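Chemist: I'd like to ask you about the structure that follows.
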Amino acid sequence: MTLIHALNTEPKAFAIHDMWEEAENIRTFVFKGTLGSKPGQFCMLWIPGYDEKPFSIARDYDGEIWLTICKVGPATEKLFEFKKGNMIGLRGSFGHGFSTVKNKNIVLVGGGYGTAPLHFVGKKHQEAGSKVTMIIGARSANLLMHEKWCEEAGFRVLVATNDGTKGTEGFTTHVLQDLLAKEKIDLIQTCGPEVMMKAIAQMATDEKVACEVSIERYMKCGFGICGQCVTESGEKMCQTGPVVSADKALGYTDFGVFHRGSEGQRKNW
Ligand SMILES: Cc1cc2nc3c(=O)[nH]c(=O)nc-3n(C[C@H](O)[C@H](O)[C@H](O)COP(=O)(O)OP(=O)(O)OC[C@H]3O[C@@H](n4cnc5c(N)ncnc54)[C@H](O)[C@@H]3O)c2cc1C
Numbered sequence: 044m045t046l047i048h049a050l051n052t053e054p055k056a057f058a059i060h061d062m063w064e065e066a067e068n069i070r071t072f073v074f075k076g077t078l079g080s081k082p083g084q085f086c087m088l089w090i091p092g093y094d095e096k097p098f099s100i101a102r103d104y105d106g107e108i109w110l111t112i113c114k115v116g117p118a119t120e121k122l123f124e125f126k127k128g129n130m131i132g133l134r135g136s137f138g139h140g141f142s143t144v145k146n147k148n149i150v151l152v153g154g155g156y157g158t159a160p161l162h163f164v165g166k167k168h169q170e171a172g173s174k175v176t177m178i179i180g181a182r183s184a185n186l187l188m189h190e191k192w193c194e195e196a197g198f199r200v201l202v203a204t205n206d207g208t209k210g211t212e213g214f215t216t217h218v219l220q221d222l223l224a225k226e227k228i229d230l231i232q233t234c235g236p237e238v239m240m241k242a243i244a245q246m247a248t249d250e251k252v253a254c255e256v257s258i259e260r261y262m263k264c265g266f267g268i269c270g271q272c273v274t275e276s277g278e279k280m281c282q283t284g285p286v287v288s289a290d291k292a293l294g295y296t297d298f299g300v301f302h303r304g305s306e307g308q309r310k311n312w
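Each residue of the sequence shown is one higher than the one before, starting from 44 at the first, in this note's numbering.
So this is what it looks like as structure tokens:
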């Protein structure tokens, strides 16, 4: 076995089996097979002849892999031109995922396309006897995603939109604050804009509730060799993360403040 095989870094070819729109410019792609992923892990998707980019695994069970992808720039625009039957490559799964816990009261908070990995972890919590609440946030109702999946799974679903077109008008943090005042929560897990996650990590810390956040940094190799995805503290988010505890995240000076682009240039959130 070569190192490339051992590290799970050789792309495997998959045909796009199915796809549908989740929301405006947000599409779920389905592939037959498995990457053996745990919720919160990610894979590298190779767009042949173009580029390779990291995406959270939205589902990996029942013989299907689902990725929910938002069209934001050149690579995702290219991918959105692909049709059913077209081939792509997937490497992974990589990284450290979310914890799953038994018989607890869990709140998941997703913002924008960051909602992508949360249904998968919610299902695992449910199987372990935990109660799952999913707070989904977006700028507007037309950008909300995975609401139906979560309702069908039997999660309690609460929605927040910045413009009030659906659910609570405002931010997911407002909905979470209400819940924290009303009930005992054992674990909060969140993925979305870093400013949102930082506020959630701080709220959870203040209330002494366990919390995990999923941190995105620019990723190239996905398995710890290139060092592109380090935080300012020098931790590689493709290996230590993307999911880390709130305590750890709050210790990163760049968390919720800035990230770095493909050439290391600083970009404020
Ligand atoms: C662990 C992880 C999980 C992710 N999961 C999802 C997901 O489930 N769904 C989804 O829609 N998007 C996800 N992303 C973001 C996704 O990788 C970017 O949106 C995509 O790479 C954009 O490429 P682009 O050429 O279309 O846009 P660009 O215009 O090149 O970039 C748009 C934004 O994406 C960021 N980005 C671009 N390339 C990378 C890269 N190689 N690594 C990290 N960030 C990059 C840029 O910094 C910029 O903020 C995830 C990123 C990471 C790191």
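Positions of the beta carbon are idealized from the N, C-alpha and C atoms, including for glycine. Here the structure is a predicted model, which is why all the values come from computation and not from measurement.
Would you mind giving the Cβ-Cβ distance between His162 and Ala203, rounded to the nearest angstrom? I have them listed as a contact below 8 Å.
Modeler: His162 to Ala203, Cβ: 17 Å. No contact.
Chemist: Just checking Ile112 against ligand 1 - is the residue's beta carbon closer than 7 Å to any of the ligand's heavy atoms?
Modeler: Answer for Ile112: yes, Cβ within range of ligand 1.
Chemist: Which of the three DSSP states is assigned to Met240 in this structure?
Modeler: Correct three-state label for Met240: helix.
Chemist: Going by C-alpha to C-alpha distance, which of Ser276, Ser305, Glu306 and Gly307 sits closest to Phe298?
Modeler: It is Ser276.
Chemist: Quick one: what's Lys55 bridged to in DSSP?
Modeler: BP columns for Lys55 point to Leu133.
Chemist: Measure from the alpha carbon of Ser257 to the alpha carbon of each residue in Thr158, Cys264 and Gly307, then state which is nearest.
Modeler: It is Thr158 whose Cα lies nearest to the Cα of Ser257.
Chemist: Leaving aside the five residues before and after Glu95 along the sequence, list all residues of the same chain whose C-beta is less than 7 Å from its C-beta, in chain order.
Modeler: The answer, listed in chain order, is Met87, Leu88 and Trp89.
Chemist: For Val218, collect the residues of the same chain with a Cβ closer than 7 Å to its Cβ; drop the 5 residues on either side in sequence, then sort them by chain order.
Modeler: Excluding residues within five positions, the ones whose Cβ falls inside 7 Å are Ile178, Leu201, Ala203 and Thr211.
Chemist: Could you check if Gly130 is buried or exposed, using at least 16 other CB atoms within 10 Å of its CB as the buried criterion?
Modeler: Here residue 130 turns out to be Met, not Gly, going by the sequence shown. Met130 comes out exposed.
Chemist: Buried or exposed: which applies to Tyr93, given that a residue is buried once 16 or more other Cβ atoms fall within 10 Å of its Cβ?
Modeler: The residue in question, Tyr93, is exposed, as its Cβ has fewer than 16 Cβ neighbours within 10 Å.
Chemist: Suppose you measure from the CA of Glu250 to the CA of His60; what does that come to, to the nearest Å?
Modeler: So the two alpha carbons sit approximately 44 Å from each other.
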